[in-house]
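Q:
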Amino acid sequence: MVHSSTSSDITVIFLSLKMAAVHAVRVLVGLCHSVALQPRFGLIPVQLASTCLLRRLCSINAKRTESKLPVCPENESLLENLNLMGVDVKMARQRQPGVLRKAFTNEQGLFQFLQSKGASRKVIAGIISRYPRAVTRSIEHLEQRWGLWRKIFKTDSEIVTIIDRSPESFFRSSDNENLEKNIAFLSSLELNTKDLHRLLTTAPRTFSNSLQLNKRMVEFLEDVCAELGGKNPEQFPKAVISKNLYILIRSTKRVRKNIDTLRSSLKLSDSELLALLEGHGANILDLSNEYLQRNFNSLRQKMTSLGCRKADIKQLILSCPSVLYTGQDTLCIKLDCLIKGGITMKQIVEKPKVLDYSTQNITERLEKLQTIGYDFQKNGINVLDSSKKRFLAKMEKLSVSPDDSM
DNA sequence: AGGACCGGGATCTGCCATACTT
DNA sequence: AAGTATGGCAGATCCCGGTCCT
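Under the working numbering, think of the first position of the first sequence as -11, with each following residue one higher.
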């Protein structure tokens, strides 16, 4: 802690000194493009002074640069600052090469801004390395955007965590007005504060979508509900979003295709499909189209080979749609594992929630139960669908007095 | 009390393509 | 033509515990 804050302080001091020292070089390099290029930040007095002083030099430089090198060179002082901040410049260059060539940037302001919000030097470096354009945002912009995020988050540290996880979500859009409208729009969906909070935590990109894009998805979902004969299409998007927070960062094309896949694969009626989508089916709507179809085909094949009928497959998926979330190989291994452990396909179809647990977990439990001679035919398979705590308590009891409990 | 039933919570970015700006 | 803003894609589950039922 002491170490990190010290190194941050040193960084700031260094940067301040450095910024002053290298500014002349920077203006020299950058000014060739446009003296009035960055109205967004407004030029600070030092900059203006440097500008006047160096205009002559620059115009010479500009002629040379334009005739020989069509591509503008990278901004040396920016590179220096980034290095000083611990930014992975190589990564930054690979991601957004244009940013490194910009004449005027705000890396120092950004650094201090994020630091004032509690971000460590390392976190800030990571953010800029992964989303270099962050460095082009002005202080006013940053403060405004932060304020908007704070409408949903209670603390700065929550926001820092999210930005550290996904710098792009915060910095990709420069349109604060759009963000404000998005918050208003999403709030108007009757998503409660908790859902809104979860939405921004889990899928922060949603808030950088254009308002139109979010609206399009919501309208699309309303249409789906209406088409299926739902009674209150206005409630439907809310239900889907709160069950699947990723839905708004998917394309309507993808969601539509998945809905079609579910309908045709399971031969669902309108009301069956609607019930599925309003329930746990929402969880699998954002899977990639091929993945969902592949998983369904594989499951159908596997179950058929194990003697199941179409109705069994439908029953299993309707009561536990998340089985389609599991990759084909994993799911087959899991089923084999259960069957090898003495559980029938019929039991699985009736209690598909076992499939929610990891293969490793299932295997371990099956082994433990086997050592005490647990009879699944007699006692059912619900033991497998319980929390670790409950399972261990159950095991304890069984090993103390096996006959009583079985 | 013990088990069955059920819903909720965590988690999910980083890259590419393209349209738009300047 | 460079740079920016935005849309879209692939990737791939597991676990806990409240509450109702018997």
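In this text, a Cβ means the ideal position worked out from N, Cα and C, and glycines have one as well.
Any contact between the region 238 to 249 and the region 185 to 196? By contact I mean 3 or more CB pairs, one from each, below 8 Å.
A: With a cut-off of 8 Å, the region 185 to 196 and the region 238 to 249 do not count as touching, because too few Cβ pairs lie within range.
Q: Please state whether DSSP places residue 308 in a helix, a strand or coil.
A: Taking the first residue of the first sequence as 1, we reach residue 308 at position 320. Residue 308: coil per DSSP, three-state reduction.
Q: Relative to the C-alpha of residue 235, which residue among 372, 335, 274 is closest?
A: Your numbering for residue 235 matches position 247 in the first sequence. Nearest C-alpha to residue 235: 274.
Q: When the Cα atoms are used, what is the spatial distance from residue 119 to residue 310?
A: Start at 1 with the first residue of the first sequence, and residue 119 comes out as number 131. Start at 1 with the first residue of the first sequence, and residue 310 comes out as number 322. Using only the alpha carbons, I get a separation of about 34 Å.
Q: In its own chain, which residues sit with a C-beta less than 7 Å from the C-beta of residue 383, not counting the 5 before and 5 after it?
A: To locate residue 383, count along the first sequence from 1; it is residue 395. Cβ within range, chain order: 356.
Q: Alpha carbon to alpha carbon, how far is residue 66 from residue 249? Give it in angstroms, no decimals.
A: Along the first sequence, read from residue 1 onward, the residue named residue 249 stands at position 261. Along the first sequence, read from residue 1 onward, the residue named residue 66 stands at position 78. Straight-line Cα distance between these residues: approximately 51 Å.
Q: In whole angstroms, what separates the C-alpha of residue 377 from that of residue 174?
A: The sequence position of residue 377 within the first sequence is 389, counting from 1. The sequence position of residue 174 within the first sequence is 186, counting from 1. Computed Cα separation, rounded: 38 Å.
Q: Buried or exposed, going by whether 16 or more other CB atoms sit within 10 Å of the CB of residue 172?
A: Along the first sequence, one-based indexing puts residue 172 at 184. That one is exposed.
Q: Go through the region 243 to 331 residue by residue and report every complete run of the alpha helix (DSSP H) that reaches 4 residues or more, in order.
A: Taking only runs of at least 4 residues, the alpha helix (DSSP H) segments lying wholly in the region 243 to 331 are 258 to 266, 277 to 293, 298 to 307, 316 to 328.
Q: Counting only runs of 4+ residues fully inside the region 71 to 118, write out the alpha helix (DSSP H) ranges in chain order.
A: Qualifying alpha helix (DSSP H) stretches, in chain order: 77 to 83, 95 to 104, 109 to 118.
Q: Could you tell me if residue 85 is buried or exposed, where buried requires 16 or more neighbouring beta carbons within 10 angstroms of its beta carbon?
A: Taking the first sequence and counting its residues from 1, the one referred to as residue 85 is at position 97. Looking at its Cβ environment, which holds fewer than 16 other Cβ atoms inside 10 Å, residue 85 is exposed.
Q: Could you give the distance in angstroms between the alpha-carbon of residue 285 and the alpha-carbon of residue 319?
A: Working through the first sequence from its first residue, we reach residue 285 at position 297. Working through the first sequence from its first residue, we reach residue 319 at position 331. Their Cα atoms are separated by approximately 12 Å.
Q: Roughly how many angstroms separate the alpha carbons of residue 101 and residue 241, rounded to a whole number?
A: As a working note, residue 101 is residue 113 in the first sequence. As a working note, residue 241 is residue 253 in the first sequence. Roughly 39 Å separates the two Cα atoms.
Q: I need the DSSP call for residue 177, collapsed to helix, strand or coil.
A: Within the first sequence, numbered from 1, the residue matching residue 177 stands at position 189. In this structure, residue 177 counts as coil in the three-state DSSP scheme.
Q: Quick one: give me the first and last residue of the alpha helix (DSSP H) that residue 351 is part of.
A: Taking the first residue of the first sequence as position 1, residue 351 is located at position 363. Looking at the DSSP string, the run of the alpha helix (DSSP H) that includes residue 351 is 347 to 359.
Q: Keeping to the same chain, check which residues put their C-beta closer than 6 Å to that of residue 334; ignore five residues upstream and five downstream.
A: Here residue 334 refers to the residue found at position 346 of the first sequence. Excluding sequence neighbours, residue 334 sits near nothing in its chain.
Q: Smallest Cα separation from residue 155: which of 203, 98, 371, 287?
A: Residue numbering aside, residue 155 sits at position 167 when the first sequence is read from its first letter. Looking at the Cα atoms, 98 is the closest of the given residues.
Q: Could you work out which residue in 128, 180, 362, 204 is closest to residue 385 when comparing CA atoms only?
A: One-based indexing of the first sequence puts residue 385 at position 397. Minimum Cα distance to residue 385 is reached at 362.
Q: Just to confirm the assignment, what range does the alpha helix (DSSP H) spanning residue 120 have?
A: Start at 1 with the first residue of the first sequence, and residue 120 comes out as number 132. Neither: residue 120 is in no alpha helix (DSSP H) and is coded neither H nor E.
Q: Verify whether the separation of the beta carbon atoms of residue 305 and residue 323 is less than 9 Å.
A: Residue mapping note: residue 305 aligns to position 317 of the first sequence, counting from 1. Residue mapping note: residue 323 aligns to position 335 of the first sequence, counting from 1. Cβ atoms of residue 305 and residue 323: not closer than 9 Å.
Q: Which residues in the same chain have their Cβ closer than 6 Å to the Cβ of residue 79, if we skip the five residues on either side of it in sequence?
A: Here residue 79 refers to the residue found at position 91 of the first sequence. Counting only Cβ-Cβ distances below 6 Å, and skipping sequence neighbours, we find 117.
Q: Is residue 54 helix, strand or coil by DSSP?
A: Mapped onto the first sequence, residue 54 falls at position 66. Summary for residue 54: the model assigns pLDDT 39, below 50, so the residue's position carries little reliability, and this model does not support an answer.
Q: Considering only residues of the same chain and omitting the five flanking positions on each side of residue 62, which have a CB-CB separation below 6 Å?
A: In the first sequence, counting from the first residue as 1, residue 62 sits at position 74. Here the set comprises 88, 89.
Q: Could you tell me which of 301, 218, 177, 226 sits nearest to residue 262, measuring between CA atoms?
A: Counting from 1 along the first sequence, the entry for residue 262 is found at position 274. The residue with the shortest Cα to Cα distance from residue 262 is 218.
Q: Whole angstroms is fine: what's the gap from residue 349's alpha carbon to residue 374's?
A: The residue labelled residue 349 in the question sits at position 361 within the first sequence. The residue labelled residue 374 in the question sits at position 386 within the first sequence. Cα to Cα, residue 349 sits roughly 11 Å from residue 374.
Q: What are the boundary residues of the alpha helix (DSSP H) that residue 149 is part of?
A: By 1-based counting over the first sequence, the position of residue 149 is 161. Residues 144 to 153.
Q: Which word fits residue 220, buried or exposed, when buried means at least 16 other C-beta atoms lie within 10 angstroms of its C-beta?
A: Counted from its first residue, the first sequence places residue 220 at position 232. Burial call: exposed.
Q: With a Cβ-Cβ cutoff of 9 Å, do residue 371 and residue 379 count as a contact?
A: In the first sequence, the residue the question calls residue 371 occupies position 383. In the first sequence, the residue the question calls residue 379 occupies position 391. The answer is yes: Cβ separation under 9 Å.
Q: Out of 96, 152, 360, which one is the CA nearest neighbour of residue 108?
A: Here the question's residue 108 lines up with position 120 in the first sequence. Checking every option, the nearest Cα to that of residue 108 belongs to 152.
Q: What are the boundary residues of the alpha helix (DSSP H) that includes residue 388?
A: Residue numbering aside, residue 388 sits at position 400 when the first sequence is read from its first letter. That run of the alpha helix (DSSP H) goes 376 to 388.
Q: Can you tell me whether DSSP reads residue 218 as helix, strand or coil?
A: The count along the first sequence starts at 1 and reaches residue 218 at position 230. Three-state result, residue 218: coil.
Q: Can you confirm whether the region 126 to 141 touches the region 154 to 170 when touching is taken to mean that 3 or more C-beta pairs between the two stretches lie within less than 8 Å?
A: Taking 8 Å as the limit for Cβ pairs, the verdict is that the region 126 to 141 does touch the region 154 to 170.
Q: Less than 6 Å between C-beta atoms, sequence neighbours within five positions excluded: which residues of the same chain meet that for residue 230?
A: To locate residue 230, count along the first sequence from 1; it is residue 242. Around residue 230: 183.
Q: What does the alpha-carbon distance come out to for the pair residue 126 and residue 170?
A: Counting from one through the first sequence, the residue named residue 126 turns up at place 138. Counting from one through the first sequence, the residue named residue 170 turns up at place 182. The straight-line gap from Cα to Cα measures roughly 21 Å.
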